[in-house]
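Here's the structure we're looking at; comments come further down.
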Amino acid sequence: MNGWHINLLTLPQQPDLTLPTEGVTVLFGQSGCGKTRLLRALAGLDPHRGNISFRQQRWLSGTQTLAPAARKLGMMFQESRLLPHKTVADNIVLGQSIPLPAQLIDALDLTHLLHTRANQLSGGEQRRVALARTLAHQGQAILLDEPLTGLDAERKRNALALIKAAGKEKPVIMVTHQLDELLHVADHLMLMDKTRLCDGQLQALINHPLLVQQRGHAFSILCGEVKPSANGFSTLLLDDGQQIRLVGKQHITERGIAIDARDVSIALTRANDSSILNIVKVRIQSLGDADAAYATLELALGRQTLRALLSGHSIRQLGLAPGQWVYAQIKGTVQI
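Residue 269 in UniProt numbering is what sits at position 269 of the sequence shown, and the numbering runs on without skipping anything.
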């Protein structure tokens with residue numbers, strides 16, 4: 001019993017889950033499917049029926065529940081829930097005998113606000129304070145419900161790095177609706193709608209119907225060795241020796257790059273007069289339904305899979321078939 005074991009009879013999906021107690025688990029799904037309710041059940045904040053255990057500790061058995069404080073969790077709600085009359089510094093260490101977490105405060109740009117009362121903060125500032133308080137919590141796990149709402153791009157990047165780092169110290173479960181957040185931090189993925197729930201590793205579920213229906217199109221994740229290069233390029237060296245180049249100050253993380261299937265086109269010969277930087281040789285693994293208006297192709301790129309969304313007309317016009325070698329033209333990437 002080293003993981004989270006969850007069997008609840010009070011959610012539409014009746015989840016029966018075993019989740020890892022390390023890394024970041026992202027809970028992703030449509031509004032109203034029960035994500036927040038599941039987090040609140042883990043925190044012991046609402047009555048539920050079923051079983052929840054964490055490591056060697058029973059939190060819920062039938063309707064008998066362990067008190068929230070005894071679960072020793074840090075939780076960030078969709079509302080910041082700061083004490084309005086207390087300063088930022090007081091709110092961050094609220095209820096704990098700990099020093100102010102200087103690294104968190106600096107990364108979330110809160111130093112100049114430490115002596116400001118919470119009721120004088122903007123909405124985004126309140127979110128950053130609430131996140132700092134939750135990540136500084138000395139408990140055994142962290143629950144985050146849409147923690148990055150309202151943050152600008154730079155502060156969001158900093159916050160994602162902090163959440164990822166927190167997952168190396170203790171288990172984190174995070175709710176988000178944003179694909180870039182999911183791709184950046186998820187070690188484990190839990191997908192929900194109002195009737196179904198599944199979980200697994202990110203790579204295994206990146207094109208699961210429950211995820212695809214939320215974002216509309218399939219993605220691929222490509223990993224490799226990162227190499228800086230001249231003229232403002234970064235290079236991702238793939239396992240078959242081919243490379244993907246990124247322009248400017250973009251950064252490839254240890255997780256690699258994500259590519260939307262809509263940003264991949266196919267050519268029978270390699271173009272030498274194209275503005276597209278990344279053209280790689282691939283072998284067609286599967287075509288999907290070539291008679292449909294659009295179909296998703298799965299393309300072998302070394303030991304990895306690249307996906308392309310093509311019209312049925314294009315598939316027929318090019319005469320594409322499984323096993324055929326072609327060239328994939330990648331028009332864009334999503335940093336993760």
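A virtual CB, placed ideally from N, CA and C, is assigned to each residue, including glycine.
Classify residue i: buried if its beta carbon has 16 or more other beta carbons within 10 angstroms, exposed otherwise.
i: D145; result: buried
i: P15; result: buried
i: D199; result: buried
i: T134; result: buried
i: G323; result: exposed
i: H137; result: buried
i: N333; result: According to the sequence displayed, residue 333 carries Thr and not Asn. Result: buried.
i: I330; result: buried
i: K227; result: exposed
i: L94; result: exposed
What separation, rounded to the nearest whole angstrom, lies between the Cα atoms of residue i and residue j?
i: V326; j: L183; result: 28 Å
i: A218; j: I98; result: 45 Å
i: A290; j: L197; result: 30 Å
i: T65; j: G44; result: 7 Å
i: A295; j: R262; result: 11 Å
i: E169; j: E22; result: 8 Å
i: C223; j: G256; result: 4 Å
i: T111; j: G32; result: 37 Å
i: L237; j: N278; result: 12 Å
i: D106; j: A132; result: 10 Å
i: H5; j: L27; result: 15 Å
i: A70; j: I163; result: 23 Å
i: L309; j: N51; result: 43 Å
i: P47; j: N119; result: 31 Å
i: S286; j: R303; result: 15 Å
i: G167; j: M75; result: 14 Å
i: E154; j: A293; result: 39 Å
i: V212; j: T195; result: 16 Å
i: H85; j: G288; result: 59 Å
i: N272; j: E225; result: 26 Å
i: L9; j: R49; result: 6 Å
i: Q214; j: A67; result: 35 Å
i: F233; j: I244; result: 10 Å
Can you give me the Cβ contacts of residue i inside the same chain, cut-off strictly under 6 Å, excluding the 5 residues immediately before and after it?
i: R283; result: A300, W325
i: N207; result: A218
i: L202; result: A186, L189
i: A130; result: M76, S80
i: V264; result: A308, A328, I330
Using DSSP's beta-bridge definition, name the partner residues of residue i.
i: R283; result: A300, W325
i: I6; result: L17, I52
i: A153; result: In the DSSP output, where bridge partners are listed per residue, A153 has none listed.
i: N278; result: I330
i: C198; result: L191
i: I266; result: A328
i: K35; result: In the DSSP output, where bridge partners are listed per residue, K35 has none listed.
Keeping to the same chain, check which residues put their C-beta closer than 7 Å to that of residue i; ignore five residues upstream and five downstream.
i: T87; result: L114, H115, T116, R117
i: K249; result: Confidence is the limiting factor: at K249 the pLDDT is only 46, short of 50, which leaves the residue's position unreliable, though a coordinate-based value still follows. Counting only Cβ-Cβ distances below 7 Å, and skipping sequence neighbours, we find nothing.
i: Q178; result: none
Closer than 8 Å: is that where the CB of residue i sits relative to any heavy atom of the ligand NAP?
i: L191; result: The model depicted lacks the ligand NAP and carries no ligand whatsoever.
What does a CB cutoff of less than 8 Å around residue i pick up in its chain, not counting 5 residues either side in sequence?
i: D152; result: G124
i: R128; result: L108, D109, L110, L151, R155, A159
i: S61; result: N51
query: Is the region 166 to 180 close to the region 136 to 145, with three or more CB pairs under 8 Å?
result: In short, these stretches touch, since the Cβ pair count reaches three.
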